[in-house]
Amino acid sequence: MLPLNFPNFHWCCLVVKVETKRIFFYDPVNQAPFKNAAKEVATSLKLSGLSDYNVIPMNNPLQFDGHSCGVFVCWMFIGQVIPGRHLKVNIETLTKRRFELFYYLLTGQLLPLQTPQDDEDEEKMPAPSAEHERSDDEDIPPTQGQQ
1 MLPLNFPNFH WCCLVVKVET KRIFFYDPVN QAPFKNAAKE VATSLKLSGL SDYNVIPMNN
61 PLQFDGHSCG VFVCWMFIGQ VIPGRHLKVN IETLTKRRFE LFYYLLTGQL LPLQTPQDDE
121 DEEKMPAPSA EHERSDDEDI PPTQGQQ
């Protein structure tokens with residue numbers, strides 16, 4: 001595993017799989033400048049002794065914002081190294097994945113896996129009913145509404 005940092009701006013990574021003789025490179029934003037630089041590093045590894053290895057791009061998951069590349073790269077590493085840890089990283093799961101990384105860095109342990117059903121069973125606030133009509137002073141605290 002090799003993290004690649006572009007002047008404190010963006011993270012990419014390489015994963016070398018010895019057993020399959022492959023060098024994977026991953027850029028969470030899948031943009032040409034970063035992707036090409038990662039591919040060049042992978043190709044350099046190939047030329048410096050890993051000549052029978054194949055260089056393979058990985059394009060998923062894609063980062064959807066401008067500041068989460070580190071989370072995506074960390075989870076790519078975890079997914080490649082720890083069996084069964086290929087977890088979704090997307091807009092819905094990003095906060096949870098950040099917390100899981102924080103917990104791992106703090107304790108050295110990954111949280112137990114949850115099934116998708118576990119996430120669906122979480123208590124959710126009910127949506128407001130369509131029958132409820134809002135009065136003009138509903139948002140005003142009672143002491144101000146009575147004045």
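Each residue of the sequence shown is one higher than the one before, starting from 1 at the first, in full-length UniProt numbering.
Just so it is clear, CB atoms sit at the ideal spot from N, CA and C, and this is done for glycine as well.
Owing to the predicted nature of the structure, the values given are computational and were not obtained by experimental measurement.
Could you tell me which of the options sits nearest to residue i, measuring between CA atoms?
i	options	result
Lys-96	Ser-68, His-10, Ile-82 and Gly-108	Ser-68
Tyr-26	Gln-114, Pro-112 and Met-1	Met-1
Cys-13	Val-55, Glu-19, Ser-51 and Leu-105	Val-55
Ser-51	Ala-42, Met-58 and Asn-59	Ala-42
Lys-46	Asn-59, Val-15, Cys-74 and Asn-60	Val-15
Who are the Cβ neighbours of residue i in its own chain at under 8 Å, not counting the five residues just before and after it?
i	result
residue 225	Residue 225 is absent from the model: the chain starts at 1 and stops at 147.
CB-CB under 6 Å to residue i, same chain, minus the five flanking residues each way: which ones, in chain order?
i	result
Phe-77	Met-1
Arg-98	Val-71
Thr-93	none
Just to confirm, are residue i and residue j a CB contact at a threshold of 8 Å?
i	j	result
Gln-80	Pro-28	no
Tyr-53	Ile-82	no
Trp-11	Val-73	yes
Just curious, the alpha helix (DSSP H) that residue i is in, first and last residue?
i	result
Tyr-104	94-107
Pro-33	32-47
Return the Cβ separation of residue i and residue j in integer angstroms, given the expectation that the two are a contact with Cβ distance under 8 Å.
i	j	result
Leu-113	Glu-100	So it is not a contact: roughly 10 Å between Cβ atoms.
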